[in-house]
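Protein chains in written order, with my numbering: chain B, 573 to 1123; chain A, 24 to 198.
No residue lacks a Cβ here, since even glycine has one placed at the ideal position from N, Cα and C.
Single-structure report; data block below.
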């Protein structure tokens, strides 16, 4: 965990005071709605279809139990008893009254939680691997670098009014769980041949109406130069990013229009001028941040303790264990993923009671630490293996032990037409219906790893382009239709999905998805071949033939 | 529109002259970039000061050869949401070494004053009189900053940042 100090607390208090003043000026008419909007967005306040929505940042996905408990309190006191975890390591409250907003914000600020830069045309909450610091094989804890970027980008005087929003993601493990290739800037931490720590830098990835996989602009950037290089990228973007058309204002369009090589040249030229300046980090500065991350005092334990071996005789526990428990870098410990995708519920929602349960369990079994992943699930990164049976029993009692992580019913979905003013089609009910079709756990286990992503509009908050199966809601003549793509992925081999065929009606979607999955089961080379690999091997044509013949 | 310089409302001694109008003798003038670049040679002989309005969609580096002819540079915010001039300001101060007056014009609101100051502006042309009155409050809203900005009084990054602010007041000391 990172520990906030007086400096961070002072900043947060001043930010809340500023926002309170801005709300006051809006209410008095001194600020027009046009003037107020970017200011409220930069504090996480949206006006949605039915009510104001408050989006809270969870920097690099790390929370402590006090913070989660406070979120439960806000959900209960100011919302309708639940919150929604998003694909960007945020939580959203959908039903807060405007007049209660400052109060809710103050309650969150007491535990160091806020909505700063969760929206608006600024550098957003920096995201990373939810297993950071716990997973084996990492080159470094990416959260240290995310924290450095959080500090650097918070209320940056030059980059608070960018052409468009700006998203940075970092991974430091061989498996990319942060989807860095579909971010404005993707950073892959690794070591060069000399053993020095540095970043591979990708720029211009993103989804939305013009999806791109990020382009490599620098294979190795020494870690100490991170901030000056990011500043160079931001400065080039701020000056040359398009401002004439909101749909062409993201950095991916600039990189696409001038080409990655030209873009890279401009960045390198700018960087040369500033790399030895004030942003060059010293070892002391980095060590200072590193020192503010406190790690659990792990006990010396052996893998596979007798308590675990005994519990694995229970089939239900064994199923959950196989699905939700992952290898930890410290022997005798484990990483636990908590599915927020029970069959029939909106993906990513957690009730206030469930948040309290997770907070309590984190205190009891996981050193008080919780993570939020971009798949809209929670995670306890540091659990002793001997405690897994008790943890599972408690999660199960709270409806939090659905063993479907990475399975076909672990669906990423945006709020869609049920909440969002931008949406053209529903997303949540589509996810619910598909999950129901695959609620049989033996069946979904037999299918293996398969990611379905659903977006209710072209803005792609559900990341449909990078779903193994992607579902995009569109509107035609006042009716909801859905385009299906296959073969997308957001990991280290990121690529965009290929359109399967014509859009189908709302009613047809679940059956079509079942047909796609059945086709995979018939065509796969064997049980070891994942859906995504079958699609990569055969392309979408065999799927198209079978699926559209049936519909 | 009240003009503020270093916290004080000041008289604007520069006269804004449209491209088609003749330049009055003996009066400091503020003119557009196109006109200035066209007439730069002739303007060298002029006795009274010349200021320039540089648009935010033109590379600021192009101004470099003319800096010694200028007495004021104004950068434009066509809307307050268009932040290009922040980068231009920093480049002018830190890269091109401009030490003269640097003015923010256009849709300049209270909520941007601090960012402008930290990006190197020392004059702001406020749209709203009430914002001008609140200048002091607006630029002292924060006592702490995470990132370095202007070259002289730079609050330093991360831990070294402690105790330093843009105005040189130690963090946590009441105003």
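Residue 984 of chain B is positioned such that its CB atom lies closer than 8 Å to that of residue 1034 of chain B.
Between residue 902 of chain B and residue 942 of chain B, the alpha-carbon positions lie close to 17 Å from each other. When secondary structure is reduced to three states using DSSP, residue 595 of chain B falls in the helix class. Using a CB distance cut-off of 8 Å, residue 42 of chain A does not count as an interface residue toward chain B.
Excluding five sequence positions before and after residue 598 of chain B, the CB atoms of its chain that fall closer than 6 Å to its own CB belong to 608, given in chain order. Under DSSP, no beta-bridge partner is assigned to residue 954 of chain B. Taking 8 Å as the cut-off, the Cβ atoms of residue 801 of chain B and residue 169 of chain A do not count as close. Interface with chain A (8 Å Cβ-Cβ cutoff): residue 610 of chain B is included. Taking all protein chains shown into account, residue 575 of chain B has fewer than 16 neighbouring C-beta atoms within 10 Å of its C-beta and is therefore exposed. Taking a beta-carbon distance threshold of 8 Å, residue 738 of chain B does not count as an interface residue toward chain A.
Listed in chain order, the non-local C-beta contacts of residue 920 of chain B below 7 Å within the same chain comprise 656, 657, 658, 912 and 948, local neighbours out to five positions each way being set aside. Within the segment 135-152 of chain A, the residues whose Cβ lies closer than 7 Å to any Cβ of chain B are, in chain order, 138, 141 and 142.
The distance from the Cβ of residue 703 of chain B to that of residue 761 of chain B is about 14 Å, inconsistent with a contact at the 8 Å cut-off. DSSP, reduced to helix, strand and coil, places residue 1038 of chain B within a helical segment of the structure shown. Per the C-alpha coordinates, the member of A:103, A:121, A:98 and A:106 positioned closest to residue 87 of chain A is A:121. For residue 729 of chain B, the residues of chain A that pass the 7 Å Cβ criterion are 109, 138, 141, 142 and 172, in the order they occur in the chain. Shown here, residue 35 of chain A sits in coil according to DSSP, grouped into three states, outside any helix or strand. The segment 915-935 of chain B makes contact with the segment 981-996 of chain B: 3 or more CB pairs, one atom from each, lie closer than 8 Å. Assignment of residue 791 of chain B by DSSP, reduced to helix, strand and coil, places it in the strand class.
Here residue 791 of chain B is exposed. Its C-beta has fewer than 16 other C-beta atoms within 10 Å. Residue 989 of chain B carries a helical assignment under DSSP once its states are collapsed to helix, strand and coil.
In the structure shown, residue 906 of chain B falls within a strand segment according to DSSP collapsed to helix, strand and coil. Not a single CB atom of chain B sits nearer than 8 Å to the CB of residue 122 of chain A.
Contact between residue 738 of chain B and residue 756 of chain B holds: CB atoms are separated by about 5 Å, below the 8 Å threshold. In the structure shown, residue 802 of chain B adopts helical secondary structure according to DSSP, grouped into three states. Residue pairing by DSSP puts residue 1055 of chain B in a beta bridge opposite B:1044. In the three-state DSSP reduction, residue 809 of chain B falls in the helix class (H, G or I).
The DSSP-derived three-state label of residue 604 of chain B is coil. Interface flag for residue 845 of chain B against chain A is set, since a Cβ pair is found closer than 8 Å. Inter-residue distance for residue 777 of chain B and residue 136 of chain A is about 33 Å (C-alpha atoms, whole angstroms).
Under the 8 Å Cβ criterion, the segment 943-962 of chain B does not count as touching the segment 987-1004 of chain B, having fewer than three qualifying pairs.
In the DSSP assignment, residue 944 of chain B falls within the unbroken beta strand (DSSP E) covering 941-944.
If you look at residue 638 of chain B, you'll find it in the alpha helix (DSSP H) that goes 637-650. At a cut-off of 8 Å, the C-beta of residue 106 of chain A has a neighbouring C-beta in chain B.
Secondary structure remark: continuous beta strand (DSSP E) runs of at least 3 residues inside the segment 730-761 of chain B, in chain order: 740-743. Look at residue 618 of chain B here: in three-state DSSP terms it is strand.
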